[in-house]
């Protein structure tokens, strides 16, 4: 029996102005619908509506977001005194500012965390004017650059380090801007964040995804590759859930020894199963 009635996949953006099209925010549904909100605030409103609808109708919704929910072992504990990702979520929510024009202070937040640590871990300042305490180039490692869940399959892609904020494929800025918005959703009744919270009975489950796990996609009939990825992954997870094959992917992977702080990408360890279920 399927665990979810609807599956939504969110491709995030840390853009500093309203933007649509490639490299912006895309939200795809397993039924095939697709939206392209031009700001993070508008995307949040769509997610909030999904949660409200789920609670009102009694349906269950899985929302997969394409950015890191956790960080490499040691970051949360050193910044918050608690070795769990959700403590870092609260920490980021208290610091991050994001207005309705998409202006964000995430670089200042990253620089502040570097100062608090006494050494730079976040890096990649893509602006012309440098941000103090945020190096442009990768600094010597103070913490592990990657999480266990970012271990690539042979021949497959590897997610960038959550500490990298700029450059091709970088995900760090998306995490710093996305986590505070999802934390707002988490604070509402009915939402749970996998794998950090009990999710089995929650109307809305938030999970980290990595659409590139699916491999190369033909995006010729789509507005852009991001749009193709979110709908294709949503439909793939729909097929797996209908076949009873999604729930095993929600089990903790035994290779991850610090699940509470690092988290897990949905599908990690099941890449072949994901690709076999693609529509």
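In the working numbering, the protein residues as written are 2 to 280.
Using N, Cα and C, we set each Cβ at its ideal position, and we do this for glycine too.
Element boundaries [beta strand (DSSP E), containing residue i]
{"i": "residue 7", "result": "7-12"}
{"i": "residue 180", "result": "Segment 173-187 is the alpha helix (DSSP H) holding residue 180; no beta strand (DSSP E) there."}
{"i": "residue 209", "result": "205-209"}
{"i": "residue 192", "result": "192-194"}
{"i": "residue 26", "result": "Careful: residue 26 lies outside any beta strand (DSSP E) and carries neither H nor E."}
{"i": "residue 65", "result": "62-66"}
Same chain, Cβ closer than 6 Å to residue i, neighbours up to 5 away in sequence not counted
{"i": "residue 68", "result": "13, 172, 175, 176, 179"}
{"i": "residue 64", "result": "9, 207"}
{"i": "residue 170", "result": "161"}
{"i": "residue 137", "result": "126"}
{"i": "residue 96", "result": "110"}
{"i": "residue 6", "result": "60, 61"}
{"i": "residue 223", "result": "229"}
{"i": "residue 98", "result": "106"}
{"i": "residue 187", "result": "194"}
{"i": "residue 3", "result": "242, 243"}
{"i": "residue 154", "result": "272"}
First and last residue of the uninterrupted alpha helix (DSSP H) at residue i
{"i": "residue 44", "result": "41-58"}
{"i": "residue 76", "result": "76-81"}
{"i": "residue 273", "result": "272-277"}
Among the options, the one whose alpha carbon lies nearest that of residue i
{"i": "residue 30", "options": "236, 183, 157, 270", "result": "236"}
{"i": "residue 88", "options": "100, 52, 75, 98", "result": "75"}
{"i": "residue 218", "options": "247, 186, 276", "result": "276"}
{"i": "residue 148", "options": "138, 139, 199, 163", "result": "163"}
{"i": "residue 268", "options": "256, 84, 247", "result": "247"}
{"i": "residue 54", "options": "99, 204, 92", "result": "204"}
{"i": "residue 50", "options": "195, 191, 144", "result": "191"}
{"i": "residue 196", "options": "77, 265, 83", "result": "265"}
{"i": "residue 82", "options": "17, 58, 117, 94", "result": "117"}
{"i": "residue 56", "options": "202, 2, 94", "result": "202"}
{"i": "residue 71", "options": "221, 209, 220, 239", "result": "209"}
{"i": "residue 119", "options": "80, 92, 33, 52", "result": "80"}
Beta-carbon proximity list for residue i, same chain, < 7 Å, skipping 5 on both sides
{"i": "residue 279", "result": "215, 233, 237"}
{"i": "residue 160", "result": "151, 172, 211"}
{"i": "residue 123", "result": "111, 114, 115, 135, 164, 166, 173"}
{"i": "residue 158", "result": "213"}
{"i": "residue 19", "result": "39, 40, 102, 103"}
{"i": "residue 183", "result": "66, 207"}
{"i": "residue 257", "result": "149, 150, 263, 265"}
{"i": "residue 140", "result": "121, 124"}
{"i": "residue 16", "result": "25, 103"}
{"i": "residue 33", "result": "232"}
CB contact below 7 Å: residue i versus chain C
{"i": "residue 276", "result": "Given the protein chain composition of this structure (a single chain), no chain C is represented."}
Any non-hydrogen atom of the ligand SAH within 6 Å of residue i CB
{"i": "residue 5", "result": "The model on display carries no ligand, and the ligand SAH is accordingly not part of it."}
Spatial neighbours of residue i in its chain, beta-carbon cut-off 8 Å, leaving aside the 5 residues before and after
{"i": "residue 22", "result": "37, 224, 225"}
{"i": "residue 261", "result": "84, 85, 86, 197"}
**Request:** Count the CB pairs spanning the region 7-27 and the region 229-236 that are closer than 8 Å, and state whether there are at least three.
**Result:** yes
**Asked** Do the region 246-257 and the region 100-112 make contact, defined as three or more Cβ pairs closer than 8 Å?
**Response** In this structure the region 246-257 does not touch the region 100-112; the number of beta carbon pairs closer than 8 Å is below three.
**Message:** Counting beta carbon pairs with one atom in the region 38-49 and one in the region 255-273, are three or more of them shorter than 8 Å?
**Reply:** no
**Asked** Hey, is the region 131-148 in contact with the region 45-53, meaning 3+ C-beta pairs nearer than 8 Å?
**Response** no
**Asked** Counting only runs that start and end within the region 88-165, where is the alpha helix (DSSP H) found for 4 or more residues in a row?
**Response** 107-118
**Request:** List in chain order: all unbroken alpha helix (DSSP H) runs of 4+ residues lying wholly within the region 200-267.
**Result:** 226-243, 260-263
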